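Taken in order, these protein sequences are the chains called A and B.
Here this note's numbering is used: the first residue of the first sequence is 872, the next is one more, and so on.
Here this note's numbering is used: the first residue of the second sequence is 2, the next is one more, and so on.
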Amino acid sequence: MAENGFRLLPGDDESWRLEAYLRRGGYDTARKVLTSMAPADVVAEVRKAFLRGRGGAGFPAGVKWGFVPQGGAVPKYLCVNADEAEPGTFKDRLVLLRAPHQLLEGILITAFAVGIRTAFVYVRGEYARVAWRLEEAIAEARSAGYIGPHVFGTDFRLDVAVHQGAGAYICGEETALLESLEGRRGQPRVRPPFPAVVGLFRSPTVINNVETIATVPQILARGANWFLGRGLPKDGGTRLYCVSGAVRRPGAYELPAGTPLREIIEVHAGGPPEGRSIKAVIPGGLSAPLLTPGEIDVPMDVESLARAGSMLGSAGIIVIPDGTAMLDVLLVTARFYAHESCGKCTPCRIGTSWILKIVGRIRSAGGSPADLDLILRLADGIRGKALCPLGEGAAMPIQALITKFRDELERAVAR
Amino acid sequence: MSYAPAPGVLRKIEEAIGLYPEKSAALLPILHAVQDGAGFISPETEAWVAAKLGLQPARVREVVSFYTMFRRAPAGRSTLQVCHNVSCALAGAEDILRFISEKLGIGPGETTPDGAISLVTVECLGNCDHAPCLQVDGVDHGPATRETVATLIEELKAHG
Chain A
872 MAENGFRLLP
882 GDDESWRLEA
892 YLRRGGYDTA
902 RKVLTSMAPA
912 DVVAEVRKAF
922 LRGRGGAGFP
932 AGVKWGFVPQ
942 GGAVPKYLCV
952 NADEAEPGTF
962 KDRLVLLRAP
972 HQLLEGILIT
982 AFAVGIRTAF
992 VYVRGEYARV
1002 AWRLEEAIAE
1012 ARSAGYIGPH
1022 VFGTDFRLDV
1032 AVHQGAGAYI
1042 CGEETALLES
1052 LEGRRGQPRV
1062 RPPFPAVVGL
1072 FRSPTVINNV
1082 ETIATVPQIL
1092 ARGANWFLGR
1102 GLPKDGGTRL
1112 YCVSGAVRRP
1122 GAYELPAGTP
1132 LREIIEVHAG
1142 GPPEGRSIKA
1152 VIPGGLSAPL
1162 LTPGEIDVPM
1172 DVESLARAGS
1182 MLGSAGIIVI
1192 PDGTAMLDVL
1202 LVTARFYAHE
1212 SCGKCTPCRI
1222 GTSWILKIVG
1232 RIRSAGGSPA
1242 DLDLILRLAD
1252 GIRGKALCPL
1262 GEGAAMPIQA
1272 LITKFRDELE
1282 RAVAR
Chain B
2 MSYAPAPGVL
12 RKIEEAIGLY
22 PEKSAALLPI
32 LHAVQDGAGF
42 ISPETEAWVA
52 AKLGLQPARV
62 REVVSFYTMF
72 RRAPAGRSTL
82 QVCHNVSCAL
92 AGAEDILRFI
102 SEKLGIGPGE
112 TTPDGAISLV
122 TVECLGNCDH
132 APCLQVDGVD
142 HGPATRETVA
152 TLIEELKAHG
């Protein structure tokens, strides 16, 4: 298998076609796994590879799979989370567009490892056209016998269906995703029980992000040690870093876990345009607390970002240039979370809407330092008091922005 | 007036129901199908869908009203969605939005009097490397400039 077979995002235009994927050795790994490995050994290999979830929480996928009870007559489900909506993140879109068969091969291996016969891919409604590629890939794989009643001529059966969302950021949260898949409002469930035990249609369910699942084939092809060697001991492999905002070459870059944030921005994405400089960087999607230029030498992995007081999240990097009014960034942030709070938990529903009202007022009519303190108190009133991470994700970036750019904000609202 | 789906829509509905072990799970795909056919979801449509799935109409309404992509009133023949989240805002989304508003003579959430174009703002479309970005009837555009959106609007008017 050619080395480029292990890249998540192959460069050739027709890379998404089955024919092109087979030329790169596609489905060889799934065939090997299904015909010669025991499911428990597959789980063990992925666990050893320390494949952290690429959706935001960074939980090790192999450990998650291990929580699913084995045996018993109830069906088990796989839900692939393609509800990519964290601002600044567009990697799953690219995987769906350019490597849908790699995702399907990952689905096959995952389903085999956990004993699953039905997989749903939950694609955000706004990606309807992107999802066409996946639908086509599913049809191609089905006619080739890679999906269906006898995968590779074995007794293993797998069905894969695409389910389209309808515009709700909250559905990226795994239990809200399950509610939405079952035909209800996307409002998170109380945990425990966790989805691995009681998930879709009350059955044991694995939920993983698109990039996570699309990464699985390379682990089984080359082994956990090879994968670990491409990343860090507790954060294996390469991953897709999305860079947008004030850089010369916005895009997704596939680099080892732990690549320094400054290197991703300045070397790979080309740094800020001529004459501009960096004012702040959001390192992991909008929910990740922003960093100042003095803080961007941090390695981009789950633990390093947590130590730096932020989070790796979805690894969606947004570069904010000099000259940007941070009060405007605060407004956009507050507006987003007030709009996307699902309304289930009072602290998040009321907190995000009051924060937006206050930001709107001080931006249009001016205010005082006490208003900034009030926003900080409201944000603190959300933290630790909501059922799902949306509340936390709303409060953290707002607190960081006000704390790190307090002088500028005080000057901006003073009249 | 009661609702009855066109044969093509009904076929999609039956296919959707077949995908899930519990038929109420087909609610979102069914709502997409009926909206694609009729342009919006009326109370009569909600009642029809509810009966089809054995649900109370209120159960359908609470889902329709939760998701931003479902419409309970007709929109323009085309819908122009302008992203105004951070990456797009940094790239001048507000200027693009103002330009479109002036060109169409309507604000976000409104439809041109001839019923051709609806304008809405949206949160991140996941196309941040093409900021500022927009989506027109599901098709992505970006990076948008005053020139590209002016051309786009002319095309929409010509084909509307």
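Even for Gly, the Cβ is constructed at its ideal location relative to N, Cα and C.
The structure presented is a predicted model; accordingly, all values stated were derived computationally and were not measured.
Chain-order list of residues whose beta-carbon lies under 7 Å from that of residue i (same chain, five-residue window excluded)
i: valine 1173 of chain A; result: Arg923, Gly929, Asp1106 and Leu1183
i: valine 913 of chain A; result: Val904, Ile980, Phe983, Ala984 and Leu1091
i: glycine 1180 of chain A; result: Pro1160
i: asparagine 875 of chain A; result: At asparagine 875 of chain A, the pLDDT of 40 sits below 50, so the modelled position is not reliable; the number obtained from the coordinates is stated separately. Excluding residues within five positions, the ones whose Cβ falls inside 7 Å are Pro881 and Arg895.
i: phenylalanine 100 of chain B; result: Arg147 and Val150
i: isoleucine 1135 of chain A; result: Tyr1112, Val1114, Tyr1124, Leu1126, Met1171 and Ile1188
i: serine 43 of chain B; result: Tyr4
i: proline 1143 of chain A; result: Ala1117, Val1118, Ile1149, Val1190 and Pro1192
i: arginine 62 of chain B; result: Glu47
i: alanine 1015 of chain A; result: Leu889
i: phenylalanine 1027 of chain A; result: Leu905 and Phe983
i: valine 1061 of chain A; result: Leu1258
Neighbourhood of residue i by C-beta, 8 Å cutoff - its chain only, sequence neighbours within 5 removed
i: arginine 964 of chain A; result: Glu955, Tyr998 and Val1001
i: alanine 74 of chain B; result: Phe41
i: arginine 878 of chain A; result: Glu1125
i: alanine 873 of chain A; result: Here alanine 873 of chain A scores only 38 on pLDDT, less than 50, and its place in the model should not be relied on; the value that follows carries that caveat. Here the set comprises Arg895 and Gly896.
i: glutamate 1082 of chain A; result: Leu879, Arg925, Gly926, Lys962, Asp963, Val966, Arg1110 and Leu1111
i: alanine 159 of chain B; result: none
i: threonine 1025 of chain A; result: Leu905 and Thr906
i: aspartate 1251 of chain A; result: Ala1266 and Gln1270
Segment limits, alpha helix (DSSP H) that includes residue i
i: serine 1235 of chain A; result: 1217-1236
i: glycine 1122 of chain A; result: Per DSSP, glycine 1122 of chain A belongs to no alpha helix (DSSP H); it is in the beta strand (DSSP E), 1122-1127.
i: glutamine 1270 of chain A; result: 1260-1275
i: threonine 1086 of chain A; result: 1081-1093
i: threonine 1176 of chain A; result: Reading off the sequence, residue 1176 of chain A comes out as leucine, not threonine. Per DSSP, leucine 1176 of chain A belongs to the alpha helix (DSSP H) from 1173-1178.
i: glycine 38 of chain B; result: 28-39
i: tyrosine 826 of chain A; result: With chain A covering only 872 through 1286, there is no way to say anything about residue 826 of chain A.
i: isoleucine 1246 of chain A; result: 1240-1253
i: cysteine 84 of chain B; result: That residue, cysteine 84 of chain B, is in no alpha helix (DSSP H); its beta strand (DSSP E) goes 79-84.
i: proline 58 of chain B; result: 58-65
i: glutamine 973 of chain A; result: 971-985
i: glycine 9 of chain B; result: 8-19
i: alanine 1002 of chain A; result: 999-1014
Own chain partners of residue i with C-beta closer than 6 Å, once the 5 adjacent residues on each side are dropped
i: cysteine 1213 of chain A; result: Ile1041 and Gln1058
i: lysine 102 of chain B; result: Looking at the sequence itself, residue 102 of chain B is serine, so the reference to lysine does not match. Cβ neighbours of serine 102 of chain B beyond the five flanking positions: Gly108.
i: tyrosine 1208 of chain A; result: Thr1223 and Ala1265
i: isoleucine 14 of chain B; result: Ile31 and Ala34
i: arginine 1277 of chain A; result: none
i: arginine 1220 of chain A; result: Ser1212 and Gly1214
Inter-residue CB distance, residue i and residue j (contact presumed, cutoff 8 Å)
i: proline 58 of chain B; j: alanine 92 of chain B; result: About 43 Å; that fails the 8 Å criterion.
i: alanine 1257 of chain A; j: glutamate 1263 of chain A; result: 7 Å
i: glycine 927 of chain A; j: serine 1185 of chain A; result: 5 Å
i: leucine 1227 of chain A; j: alanine 1283 of chain A; result: Going by Cβ atoms, the distance from leucine 1227 of chain A to alanine 1283 of chain A rounds to 17 Å, so no, they are not a contact pair.
i: alanine 970 of chain A; j: isoleucine 978 of chain A; result: The pair is not a contact, with the Cβ atoms about 12 Å apart (cut-off 8 Å).
i: tryptophan 887 of chain A; j: alanine 1008 of chain A; result: 7 Å
Nearest candidate by alpha-carbon position, reference residue i, set the options
i: glutamate 47 of chain B; options: B/Asp138, B/Ala27, B/Asp37 and B/Val65; result: B/Val65
i: proline 1260 of chain A; options: A/Ala1047, A/Ile978 and A/Leu949; result: A/Ala1047
i: alanine 920 of chain A; options: A/Arg1277, A/Gly897, A/Leu1099 and A/Arg1248; result: A/Leu1099
i: glycine 1122 of chain A; options: A/Ala1128, A/Ala1140 and A/Thr1130; result: A/Ala1140
i: leucine 949 of chain A; options: A/Gln973, A/Ala970, A/Phe1027 and A/Arg988; result: A/Arg988
i: proline 114 of chain B; options: B/Cys89, B/Val140, B/Ser79 and B/His85; result: B/Ser79
i: tryptophan 936 of chain A; options: A/Arg1286, A/Val945, A/Glu916 and A/Ala953; result: A/Glu916
i: glutamate 124 of chain B; options: A/Ala1012, A/Asp1026, A/Ser1014 and A/Pro958; result: A/Pro958
i: proline 1088 of chain A; options: A/Thr1195, A/Gly1108 and A/Gly1252; result: A/Gly1108
i: alanine 1236 of chain A; options: A/Trp1225, A/Ala1285 and A/Thr1130; result: A/Ala1285
i: aspartate 1030 of chain A; options: A/Phe1023, A/Ala1039 and A/Ile1018; result: A/Ile1018
i: leucine 975 of chain A; options: A/Ala1012, A/Leu968, A/Arg902 and A/Tyr993; result: A/Ala1012
First through last residue of the beta strand (DSSP E) which encompasses residue i
i: phenylalanine 938 of chain A; result: Here phenylalanine 938 of chain A belongs to no beta strand (DSSP E), and DSSP marks it neither H nor E.
i: valine 914 of chain A; result: Premise fails: valine 914 of chain A lies in the alpha helix (DSSP H), 910-919, not in any beta strand (DSSP E).
i: tyrosine 993 of chain A; result: 989-994
i: arginine 1110 of chain A; result: 1109-1116
i: alanine 1151 of chain A; result: 1149-1153
i: threonine 122 of chain B; result: 118-123
i: isoleucine 101 of chain B; result: Taken as a continuous stretch (DSSP letters only), isoleucine 101 of chain B belongs to no beta strand (DSSP E), being part of the alpha helix (DSSP H) at 94-105.
i: proline 1192 of chain A; result: 1187-1192
Min CB distance residue i to chain D below 9 Å
i: glycine 937 of chain A; result: Considering every chain present, this structure includes no chain D. Its protein chains are A and B.
Distance cut-off 8 Å: residue i Cβ against heavy atoms of the ligand FAD
i: isoleucine 1189 of chain A; result: Among the components of this structure there are no ligands whatsoever, and the ligand FAD is therefore not found.
Please confirm if the region 143-156 of chain B is in contact with the region 116-132 of chain B, defined as three or more CB-CB distances below 8 Å between the two stretches.
-> yes
Does the region 1238-1245 of chain A touch the region 1215-1222 of chain A, meaning 3 or more C-beta pairs lie closer than 8 Å?
-> no
Answer yes if the region 47-63 of chain B comes into contact with the region 94-102 of chain B, meaning at least three C-beta pairs across the two stretches below 8 Å, and no otherwise.
-> no
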